Each structure stands twice: as structure tokens, then as C-alpha cells.
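Everything below concerns the one structure shown next.
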Amino acid sequence: MDFKYHFLKGLSLIPGFLTILLTSCNSPQGGNQIDRQQMLAEATFVGMNSCISCHETEFQLWKDSHHDLAMQKADSASILGNFNNDVFTHKGVTTRFFKKDNDFLVNTQGKDGSNQDFKIIYTFGVFPLQQYIVEFPNGAYQCLDIAWDSEKGQWFHLQPHMDLQPNEWIHWTSGGMRWNTACADCHSTDLRKNYDNETQTFSTTYSEINVACEACHGPASFHVNYYEETGDTIAGNIPKLRMNTDLSSQELVDDCARCHSRRSQVTSWYD
């Protein structure tokens, strides 16, 4: 993946999104407030729908944003690329993008070096580029190394200067382009890799397919339960979430950098 291209383009999206983050879940502090670190360690994810009733404005700002569209099921509404038998050739490998019935498919070089048909399961991002994800038998999901340039309206290779071979780690069928381990936890909420080393298989799960409220603000069960049980919206022992206006600049940057930097997940959300 051309990380420099992806990262630099992605930086342009941060300032506007921070405005939404800083205005969300900004609850007043009360006496004897529950310790935030303890709360984040013990809280559970409750889903975006639990947030909307109190944060309708923030929800509307988030809806159809890049975080909302960070990952989607592949269909005629979500796919931006040209799948009308469009052909792209890179370093002698010809790839064809086409449709069959209601499915979107790609014919390209597989792990054994021969061209095969692969069904697109998910889309990844919307602008300035969109990538496409294929499911493999071992529960792994692989990101194609040919992406759609949403600015220019054309296909391009993420590693244009490299002649990648199927036995290389960075080939789209291998570890460097594996959604489960290289991409997923920044594009979905409450991501669990669930890798079984004995069988070398994945059973990866998420609570929400995209970057929803709790992906940045943290698991909200304590926060939501407090309001449901007390109805208190002014003061009290209000469990606060991450990404509030009382965060320092350094804390805010550190929180955003969990995804807006070159990194890899090695622990669960809280750890």
C-alpha cells in the first residue's frame, strides 16, 4: 500500500472532523466523578443508536462523513470504481473489473500466480481513493493493491514502482494487505482480530462496520446507563468519555494518532 499517498491525503480530513469530536459527549463534571480510566477499562460498547437521542446534531454531522463511510458492504450504492469490464494492467498483470448479476468481481493474479475471479465483499474509504476487499477461505480479508482514484476517476496501483510477486508479503494476497491485521481496527468500531494460531484462521468481529461514535469516544455503557437510570443531564457522577473539550492538545493528538499515523494494533481497544 502506498502509505505516504494514503496518509498525506488523509491528513486533510482531520481538521473538520475534530470539530465534531470536540463538541460530542461534552458532559459537565460532577463531584465524585467515576474514574475515567477505570470506566474505559470496564465499559462495554453499546452502539451508535444509543447515542443519537442525546446527540442528534453530532449524528447528522457524522452521517455520510468519511468516518461513516470508512467501510461498507459492496453494492451498487457504495462502489465508486468502474466495474463495467474495465481493464487495468500493471507490470504485466492484467486485472479486469466486472459485474455478474448483483455481484462486483475482479479477475486478477491470485496467490498461486494465475488469474482468478474474486468477489468484492467490502469497500474501504471513499475519497481521495477507494479500496476493495476480498474474502479468503481462512477468514482473512485481503485488500486489493489496485484502488480507485476518486479524484481522477481511474484505477491506479498502490505500489506503482514495484513488480510484486505472489510469494511476497506485500502482495495483495498476503500479510501486508490483510484487512484483519493491517487495516480493520481503524475503519470499524470495537474490532476483535480473533486469530487462532493453531488453525491459522481468523474469526474477526466488529460491533459496527464503520468508524462510529465509540471508535473515538470509547465504549459508552457507563455513560449511557447513567442517563437512562438517573435522567440527570446537568450534574452528578457523570461518566465522561474520551474526546471532550477538556483534553489537552497533546491528548487530542495522541488519541487521533491511534489511526491517523503509521501504526499497527497490538492490544485491545483500552489496552
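In terms of this note's numbering, the numbers along the sequence shown are unbroken and rise by one, the last being 271. Glycine is no exception: its CB is placed at the ideal position from the N, C-alpha and C atoms. As the structure is a computational prediction, the values presented were derived from the model and not from experiment.
Proximity winner among the options, relative to residue i (alpha-carbon distances)
i: residue 189; options: 180, 195, 197, 202; result: 180
i: residue 74; options: 106, 61, 48, 65; result: 106
i: residue 55; options: 210, 187, 223; result: 223
i: residue 65; options: 43, 50, 53, 210; result: 210
i: residue 208; options: 127, 67, 85; result: 67
i: residue 196; options: 52, 154, 155, 139; result: 139
i: residue 262; options: 186, 161, 100, 232; result: 186
Under 9 Å between C-beta atoms of residue i and residue j
i: residue 122; j: residue 71; result: yes
i: residue 242; j: residue 260; result: no
i: residue 76; j: residue 69; result: no
i: residue 144; j: residue 201; result: no
i: residue 171; j: residue 90; result: no
i: residue 47; j: residue 212; result: yes
i: residue 184; j: residue 175; result: no
i: residue 83; j: residue 59; result: no
i: residue 146; j: residue 199; result: no
i: residue 214; j: residue 45; result: yes
i: residue 150; j: residue 129; result: yes
i: residue 141; j: residue 192; result: no
i: residue 148; j: residue 92; result: no
i: residue 41; j: residue 221; result: no
i: residue 152; j: residue 135; result: no
Residue i, DSSP secondary structure in three states
i: residue 195; result: strand
i: residue 255; result: helix
i: residue 62; result: helix
i: residue 88; result: strand
i: residue 52; result: helix
i: residue 261; result: coil
i: residue 106; result: strand
i: residue 183; result: coil
i: residue 157; result: strand
i: residue 82; result: coil
i: residue 71; result: strand
i: residue 206; result: coil
i: residue 135; result: strand
i: residue 57; result: helix
i: residue 116; result: strand
i: residue 29; result: Below a pLDDT of 50, predicted positions are generally treated as unreliable, and residue 29, at 40, falls in that range; no measurement from the model is reported.
i: residue 130; result: strand
i: residue 250; result: helix
is_contact[residue i, chain D] using C-beta, thresh 9 Å
i: residue 251; result: Within the model displayed, chain D is absent; a lone protein chain is all it includes.
Residue range of the unbroken alpha helix (DSSP H) whose run includes residue i
i: residue 215; result: 213-217
i: residue 224; result: 221-230
Limits of the beta strand (DSSP E) - the one that residue i falls within
i: residue 95; result: 93-100
i: residue 245; result: From DSSP, residue 245 is part of no beta strand (DSSP E); its letter is neither H nor E.
i: residue 163; result: From DSSP, residue 163 is part of no beta strand (DSSP E); its letter is neither H nor E.
Contact belief for residue i with residue j at Cβ below 8 Å, rounded distance in angstroms
i: residue 173; j: residue 110; result: 6 Å
i: residue 166; j: residue 113; result: 5 Å
i: residue 86; j: residue 155; result: 7 Å
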